[in-house]
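S.K.: For reference, the structure I am asking about is given below.
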Amino acid sequence: MRQKVLAVFGTRPEAIKMAPLVKELLGRDTLQTKVCVTAQHREMLDQVLQIFQIVPDYDLNIMRKGQSLSEITTRVLLDLDSILTQEQPALVLVHGDTTTSFAAALSAFYNRIPIGHVEAGLRTYKKDSPYPEEANRQFVDAISDVFFAPTEQCRQNLIREGKKAEQIFVTGNTAIDALQTTVDLDYHSEITDWVGKSRLLLLTAHRRENLGSTMEEIFRAVRRVVQENEDVKVVYPVHPNPAVVSTAEKVFHGCDRVLLTKPLDVVHFHNLMSRAYLILTDSGGIQEEAPHLGRPVLVLRNTTERPEGVAAGTLKLAGTAEESVYESVSQLLTDSTVYGQMSRAVNPYGDGHASRRIADEIVRQLLQSDGSR
């Protein structure tokens, strides 16, 4: 009898990173893999599902306008409970640090179903940075049974917290697996036509802790850079959060070398990353993806749960203050030596085979547990 695995995810970043793993699991004859999406992000999630041709077995469709973290948590808990009762999987797989992952792991724990945590062990050890992700991932690791750590440093974090070494597996990050299928050397679009021969700065900013005056400072720094460098253009796929949209429109109004777009699907975004001169982001996953493409990353935060990239030289913490962001960007635009060092640094986040390693270990673990019954 095939062992059943239920993969649960709900946001665009989760879907990008879980898609290659789901595909790998579906190809394993010893497993019966089912997918449940919460649709914490609706339209952005659907884009990824369509691109990777994944059809969920269950869709909780929880997204509501202006939903709070409490509402997301309770809806996932209530709706997932009946699915777990019906399916009784041998393992529930969750990813990373979203509220979907936290609630899904908690639901599995309440149903006494083992939990596998993909992208386990990332830490800043500052519960509000990033918020609520740092707390979410610590909560998930506290109740998980199998840990798929992307790096050795993540593994060491888990061991220091008392997790059993034999239940932790260093796999690399599945984000790199996804990149292997999306980047096209012949890619072009209306956006690349607009950029032309200018140096492209690709910007993403959406974190809750950066909303308001902090985000204004970041955007003012970017505007100054554009005004002072005629060969620079900025593309900013704006997160649909109304607070982000209003700030971006206010600060960048009248700046014709800053292009504000709607969120891009994963194929367009990955290919823009591959063509960017540098990337400015407060996102987590981009810190792993961009170095694989040889693109320097300025992290628009004061802390990162991915210090391996900073140590390797692929990432630099630019902070969030206007002057700090402005100086960091200006240095990479003017200092070819510093730029070259960052663009040639070795990506510490894997080789594109993380999904295979995770699937191999899931098969081994479940066969082992089945044989012990």
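Each residue of the sequence shown is one higher than the last, beginning at 85 in my numbering. Glycine included, C-beta positions come from ideal geometry on N, C-alpha and C.
1) Can you find the residues in the same chain that come closer than 7 angstroms, C-beta to C-beta, to residue 179, ignoring five residues on each side of it along the sequence?
2) For residue 364, which option in 287, 146 and 345 has the closest C-alpha, if you only look at C-alpha atoms?
3) Tell me which residues share the same chain as residue 143 and place their Cβ nearer than 7 angstroms to its Cβ, disregarding the 5 neighbours each side in the sequence.
4) Only counting the same chain, and skipping five residues up and downstream in sequence, which positions put a Cβ closer than 6 angstroms to that of residue 147?
5) Quick one: give me the first and last residue of the alpha helix (DSSP H) that residue 421 is part of.
6) Could you say which of 113, 216, 230 and 145 lies nearest to residue 453 if we only look at CA atoms?
7) Quick check on this structure: which residue in 297, 433, 284 and 240 has the alpha carbon closest to the alpha carbon of residue 320?
8) Return the bridge partner residues of residue 433 from the DSSP annotation.
9) Could you please give the first and the last residue of the uninterrupted alpha helix (DSSP H) stretch that includes residue 194?
10) Touching or not, the region 329-336 and the region 436-449, by the rule of three or more beta carbon pairs under 8 angstroms?
11) How would you call residue 269, buried or exposed, if buried means at least 16 neighbouring beta carbons within 10 angstroms?
12) Quick one: Cα of residue 418 to Cα of residue 156, how far?
13) Which of helix, strand or coil does DSSP assign to residue 339?
14) Tell me which residues share the same chain as residue 238 and place their Cβ nearer than 7 angstroms to its Cβ, disregarding the 5 neighbours each side in the sequence.
15) Count the C-beta pairs between the region 412-429 and the region 214-234 that are closer than 8 angstroms, then say yes if the count reaches three, no if not.
M.R.: This is what the structure holds:
1) 93, 98, 101, 102, 185, 202 and 203
2) 287
3) 121 and 123
4) 123 and 126
5) 420-428
6) 230
7) 284
8) According to DSSP, residue 433 bridges with nothing at all.
9) 183-194
10) no
11) exposed
12) 45 angstroms
13) coil
14) 204, 205 and 206
15) no
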